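In the numbering used here, the protein residues as written are 164 to 838.
Even for Gly, the Cβ is constructed at its ideal location relative to N, Cα and C.
Model, not experiment: these values are computed from the prediction.
To keep things clear, I will list the structure first and then write my remarks on it.
This is the structure we're talking about:
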């Protein structure tokens, strides 16, 4: 295929339409990479702007990139790309006839925008420079410096004009005890117990200001946003298929909720947008209006670069900087407002009701008014990256990485001493820090090579299946069986370690999941998963969920082997060892003081006649490991004289065994708490 190089990397993304029997270029993106896979340049062709005269966009928005030895992006230069027989020698022309823009990053060891360039000590870690179309040197137009604390939280941000003796302004950044950004000098942010943004305000509540409220469902998906501002009130409901948003409903003032947008996706990537449908109104007067379809073009990074009508005419086009700010945008013809942008993520406005002010078009909020205002500290919005929010203005996330931190579990479990042990072992330092020690950094400081649809880890879908689910911790995991299989990311609901699944759902459900994964699962396995996860779901919804769960079996070999192997490993351990072992309670007087296991309880009673007056068997016919699991559970729920754990809390099977014991005790009516 001519669009790919020998390593399968995209080198020519050419969108064409039929023009009287010949192919007419709509947009085109040509790329070249170095040996490490870093993109060295992008030659960009976009649609001509109508006008008198019309403005062509052929190679005037191309990019050239540079990296440090750690493959982190350090320079992005936009302009007209040279023609050179050697693709490794391409440069942005100084006299290419178009204005040039250059962004330089100086990064510290963990990717913060905190290191000073030259001259030093000027608080200029990132510099945006402009160059005239006719040539000449670049001149700095704007700078920004992030001062980070020891744990990489922002302490303050300094912006400047880039002059030799710069005029600079420093803004203090505040964070809460969990490291979430709470104040940027203009806006105030509040979070729930799961560190999800739930409220934003850009002013004193007693003065005219804009407020945004966000509400989430049990899976952690943002399902409602409410915006109140001087221009009015707006609320929106968002509906999902798995992790993909598929529909928006809005309410403006007193007007009832109406569907305003549907989103159609492609099969390649979780955020591969194909089209947006604007519902018509069959009851409109003087005549009904039909649905309007707006098609979406995305570049190699899945940035939305154009909106097209049904004829393939470009309605609007975008040029993006690497970290997700708009470099340019052309509104060629009228079109519905678009909210999908950087890497296919949805833009979430802070406090500005869509349709009130501004128009609701993403470009109105992401396109800087001038080069001098390119770096801003007041965040007028962020991209919704599922587990957390990403700021293109800051080039980082607003909250630290929640990946395998088990924070939702620990927060809930430690409110109840009897269930605290169930959370043990859920923290995974390797997974949390697997993509860097900076929990706020985005894309490994290389947004051209990496993506992060979930806000958990860049290149998330190249990792093992059980490493990318953790943002769902603490919720009933509907996604386990009821998520669509579009894109590799659709397996997101099955990407959990078995100890987490066992803790939430029970080992019988894990068996069903394993059966589905290996392709041996049938209808009842699928129903077992879905009904356990959605016990109050309507029958129709369960039917659809079962359908989707069954579909997973078809792709199990491609995406699910790891979880099946893990489940089989635990079950093998559980059934291993001596058979016909019993669990007993030891009494001194009339008080239960001890829990133990033995293959011969009568003999054990004679051996310890000085310690116990009697031993009562509460479970029998178990393997030794099954008995140990039940013994550990009872031990943790009582103040007994046992001196050591039956199971090592650091064991890889501890949480699964603990959960199995709870389910076993419930099934057979075994008393767990003894007075």
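Counted within 10 angstroms of its Cβ, other Cβ atoms place residue i as buried (16 or more) or exposed
i	result
residue 227	buried
residue 555	buried
residue 800	buried
residue 323	buried
residue 834	exposed
residue 777	exposed
residue 143	It is not possible to answer for residue 143, since the shown part of the chain is limited to 164 through 838.
residue 426	buried
residue 819	buried
residue 485	buried
residue 327	exposed
residue 747	buried
residue 825	buried
residue 676	Caution applies to residue 676, whose pLDDT of 42 falls short of 50 and renders its modelled position unreliable; the value that the coordinates give is listed next. Flag for residue 676 reads buried.
residue 332	exposed
residue 780	exposed
residue 493	buried
residue 354	buried
residue 423	buried
residue 182	exposed
residue 199	exposed
residue 308	buried
Cβ-Cβ separation, residue j to residue i (assumed contact under 8 Å), whole Å
i	j	result
residue 436	residue 459	4 Å
residue 821	residue 796	6 Å
residue 613	residue 606	4 Å
residue 344	residue 561	5 Å
residue 236	residue 619	Actually they are not in contact, since the Cβ atoms of residue 236 and residue 619 sit about 21 Å apart, beyond 8 Å.
residue 263	residue 294	4 Å
residue 441	residue 454	7 Å
residue 348	residue 335	6 Å
residue 823	residue 792	6 Å
Terminal residues of the alpha helix (DSSP H) in which residue i lies
i	result
residue 797	787 to 800
residue 527	525 to 529
Enclosing beta strand (DSSP E) for residue i [first to last residue]
i	result
residue 478	477 to 483
residue 187	185 to 196
residue 180	175 to 182
residue 509	509 to 512
residue 551	551 to 554
residue 321	317 to 323
residue 758	754 to 761
residue 470	467 to 471
residue 345	344 to 346
residue 238	236 to 242
residue 546	544 to 548
residue 385	385 to 392
residue 444	Run containing residue 444: none; DSSP gives neither H nor E here.
residue 267	263 to 268
residue 492	489 to 494
residue 751	744 to 751
Cβ-heavy atom distance, residue i to the ligand ADP, below 6 Å
i	result
residue 261	Judged by which ligands are present, the structure shown has none, so any question about the ligand ADP falls away.
Three-state secondary structure (DSSP) of residue i
i	result
residue 312	coil
residue 457	strand
residue 821	helix
residue 417	coil
residue 733	helix
residue 209	strand
residue 769	helix
residue 297	coil
residue 505	helix
residue 199	coil
residue 676	Confidence at residue 676 is low in this model, with a pLDDT of 42, below 50, so the placement of that residue is unreliable and no value is reported for it.
residue 608	helix
residue 830	helix
residue 764	helix
residue 422	strand
residue 815	coil
Check whether the stretch 216 to 224 and the stretch 264 to 281 touch, using three or more Cβ-Cβ pairs below 8 Å as the test. no
Is the stretch 526 to 537 touching the stretch 372 to 390, taking contact as three or more C-beta pairs under 8 Å? no
Check whether the stretch 532 to 543 and the stretch 498 to 511 are in contact - that is, three or more C-beta pairs closer than 8 Å. no
Specify whether the stretch 401 to 413 and the stretch 476 to 487 touch according to this definition: at least 3 beta carbon pairs, one from each stretch, less than 8 Å apart. no
Does the contact criterion of 3 or more C-beta pairs under 8 Å hold for the stretch 544 to 553 versus the stretch 299 to 315? no
Three or more C-beta pairs under 8 Å: does that hold for the stretch 184 to 200 against the stretch 166 to 173? yes
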